[in-house]
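Everything below concerns the one structure shown next.
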Amino acid sequence: MAAKSIDIQILQEPLSINNCYNFVLNEKCGGIDLFVGTVRRWNKGKEVSHLFFESYLPMARREMNKIAVQAIDQFGLEKISMHHRIGKVELEGVAVIIAVSSKHRKAAFEACKFAIDSLKLSVPIWKKEYLTNGSHWVNSRP
Amino acid sequence: MAAKSIDIQILQEPLSINNCYNFVLNEKCGGIDLFVGTVRRWNKGKEVSHLFFESYLPMARREMNKIAVQAIDQFGLEKISMHHRIGKVELEGVAVIIAVSSKHRKAAFEACKFAIDSLKLSVPIWKKEYLTNGSHWVNSRP
Amino acid sequence: MKILCFGIAKDIIGTSELILDEHQITVAQLKNQLNEKYPKLLEYKSYMIAINQEYANDESLISINDEIALIPPVSGG
Amino acid sequence: MKILCFGIAKDIIGTSELILDEHQITVAQLKNQLNEKYPKLLEYKSYMIAINQEYANDESLISINDEIALIPPVSGG
């Protein structure tokens, strides 16, 4: 059951919205919500040239899987797909995709928000921001 | 401004998630939310064979545009794309797509939910449900 | 005066374009006429009238050159 | 005992795999050692220790065969 309803991937290559969509699409569901996190040029007034993501791979997969299991249980989802990019990501590139499918749309929105919020809190992935002058690990300022 | 930030389409042919995504993607934004409404096999215990959508086209476009303008104003979106299918739609087919882009994800989720909720309330589009035995216009029971 | 009909309203009235012999009339008057002629419409009391592609209230006045539509409960999405 | 280091912690410690001469130690003791040796870590006080790919609390006991990781504040998504 879990194996077929959950799709967790951490990838070096560009993420595919279609792959996530196709995974969660099914005839039991009327609502699919997809969140796509993309790389912004401007962050807190500084110009970003690109991002670099590093991950503690096996633990990141485990934490993402925990979130997926909880999202299914809590919101009654049919399926959930969570893909995160690692390595260098250019402006407008896709860093993360969360796709969920549910009978009704309210649960889909809530579950998708829950999943991305949770990912940002607990999944061991780190973002290095390359600005036009210098670089730093995000969240890692005193 | 409005012409470039809003994309409203009511189409006979299958909808494209990529078209909606590409319209809203831009370097100012970190969060894109897409809602995709698909055709379910089961609705209130009855088996659906397919749907048929009819629209009062010019007014539906106007109402969708109003919703888009309000979503941009109220949630500070950068862009919004709203596509609705008309004609016959098969099981698992896409009836509607709402895509929004925003600097931050919270506004994206809220705006996307606002847009689909509003569309279902006010846009003059009607769904006829074809069951394995018979058909009826949805919402049109006493 | 021509009334565009959609969805269940089209089925009840039996045409997508109903012609009425009126030149000026309020929305309330139009609804009364329609309800009398097509009592099945009363089962969908929340139906709306649109004038020139905008929802109208009962007091709105309809002229012969307006684009009028009978909007039964919507079900898009 | 080997500690995997990521993100800013890797930069501070200067390696992605820190070797400590310990056989059994609590998370609190490990953090004390690390903070003493790499005082810059104190600027990221909310860093966590993971044991075998699970977040651990200060009382957890680490054995030499466990997979240990130093997890600075995450920033995925």
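Chains as they are written, first to last, in the working numbering: chain P, 1 to 142; chain S, 1001 to 1142; chain G, 2001 to 2077; chain E, 3001 to 3077.
Ideal placement from N, C-alpha and C gives every residue a C-beta, glycine not left out.
Please read these numbers as outputs of a predicted model, since none were measured by experiment.
Fill in: Sub-8 Å separation of Lys1128/S and Leu1051/S beta-carbons
In contact: Lys1128/S and Leu1051/S (Cβ atoms closer than 8 Å).
Discussion item. At the level of alpha carbons, what is the spacing between Thr38/P and Glu1027/S?
Written reply: Here the C-alpha atom of Thr38/P lies approximately 8 Å from the C-alpha atom of Glu1027/S.
Item to complete: Look at Tyr2044/G and Ile2003/G and say whether their C-beta atoms are less than 8 Å apart.
Response: No, the pair does not count as a contact, with Cβ atoms beyond the cut-off.
Worksheet entry | Arg1085/S (DSSP reduced to helix, strand or coil) | Correct three-state label for Arg1085/S: strand.
Worksheet entry | Residues, ordered as in the chain, of the stretch 1004-1032 of chain S that lie near chain P by beta-carbon distance below 8 Å | So the list reads Ile1017, Asn1018, Tyr1021, Leu1025, Asn1026, Glu1027, Lys1028, Cys1029, Gly1030, Gly1031 and Ile1032, given in the order they occur along the chain.
Worksheet item: Is the CB of Met82/P under 8 Å away from at least one CB in chain E?
Response: Answer no: the Cβ-Cβ gap between Met82/P and chain E never drops below 8 Å.
Worksheet entry | Partner residues on chain E for Tyr130/P, Cβ-Cβ distance less than 8 Å | What Tyr130/P touches in chain E: nothing, since even the nearest Cβ is about 14 Å away.
Worksheet item: Phe1052/S touches chain G at which residues, Cβ-Cβ below 7 Å?
Response: Contact of Phe1052/S with chain G by beta-carbon distance below 7 Å is absent, the smallest such distance being about 10 Å.
Practice prompt. Kindly indicate which three-state DSSP category Gln2024/G falls into: helix, strand or coil?
Written response: Here Gln2024/G sits in strand by DSSP.
Worksheet item: Alpha carbon to alpha carbon, how far is Ala1003/S from Met1064/S?
Response: Low per-residue confidence applies at Ala1003/S: pLDDT is 47, beneath 50, and the placement is therefore not dependable enough to give any value.
Discussion item. Tell me which residues share the same chain as Ala1111/S and place their Cβ nearer than 6 Å to its Cβ, disregarding the 5 neighbours each side in the sequence.
Written reply: Excluding residues within five positions, the ones whose Cβ falls inside 6 Å are Ala1071, Phe1075, Leu1077 and Val1100.
Fill in: Nearest candidate by alpha-carbon position, reference Lys44/P, set Cys1029/S, Val1123/S and Leu1119/S
Considering only alpha carbons, the answer is Cys1029/S.
Item to complete: Using three-state DSSP, classify Gln2107/G as helix, strand or coil.
Response: Summary: the structure shown does not reach residue 2107/G, with chain G confined to residues 2001 through 2077, and so no result is reported for it.
Practice prompt. Closer than 9 Å by beta-carbon distance: list the chain S residues that pair up with Pro2039/G, in chain order.
Written response: Those do not exist, as Pro2039/G stays about 12 Å from chain S at its closest Cβ, beyond 9 Å.
Worksheet item: Going along chain G, which residues have a C-beta under 9 Å from Arg1062/S?
Response: Within chain G, the residues placing a beta-carbon under 9 Å from that of Arg1062/S are Gln2053 and Glu2054, ordered along the chain.
Fill in: Neighbourhood of Val1089/S by C-beta, 6 Å cutoff - its chain only, sequence neighbours within 5 removed
Counting only Cβ-Cβ distances below 6 Å, and skipping sequence neighbours, we find Val1039, Leu1051 and Ala1095.
Worksheet item: Buried or exposed: His83/P, going by 16 or more other Cβ atoms within 10 Å of its Cβ?
Response: Looking at its Cβ environment, which holds 16 or more other Cβ atoms inside 10 Å, His83/P is buried.
Discussion item. My parser needs the beta strand (DSSP E) runs of 3 or more residues fully inside the stretch 1017-1105 of chain S; what are they?
Written reply: Residue ranges of uninterrupted beta strand (DSSP E) with 3 or more members, entirely inside the stretch 1017-1105 of chain S and ordered along the chain, are 1031-1038, 1046-1055, 1079-1085, 1087-1090 and 1094-1102.
Item to complete: Could you tell me which of Ile2062/G, Tyr2055/G, Thr2026/G and Lys2010/G sits nearest to Ala1060/S, measuring between CA atoms?
Response: Of the listed residues, the one whose Cα sits closest to Ala1060/S is Tyr2055/G.
Item to complete: Please say whether Val36/P and Trp153/P have beta carbons closer to each other than 8 Å?
Response: The requested residue 153/P is not part of the displayed model; chain P covers only 1 to 142.
Worksheet item: Whose Cβ in chain G lies nearer than 8 Å to the Cβ of Leu1091/S?
Response: Simply none; closest approach about 17 Å.
Discussion item. Please report whether the beta-carbon of Gly2077/G lies at a distance below 8 Å from any beta-carbon of chain A.
Written reply: Absent here is chain A; the protein component of the structure consists of chains P, S, G and E.
Practice prompt. Please compile the residues from chain P whose C-beta is within a distance smaller than 7 Å of the C-beta of Phe1114/S.
Written response: Neighbours of Phe1114/S in chain P, taken as residues at a C-beta separation under 7 Å, are lacking, since the least C-beta distance is about 10 Å.
Discussion item. Rounded to the nearest angstrom, what separates Val2027/G and Asn1022/S at their Cα positions?
Written reply: Near 43 Å, if we compare the C-alpha coordinates of Asn1022/S and Val2027/G.
Discussion item. Could you tell me the alpha carbon to alpha carbon distance between Leu2070/G and Met2048/G, rounded to whole angstroms?
Written reply: Rounded to whole angstroms, Leu2070/G to Met2048/G spans 6 Å at the Cα level.
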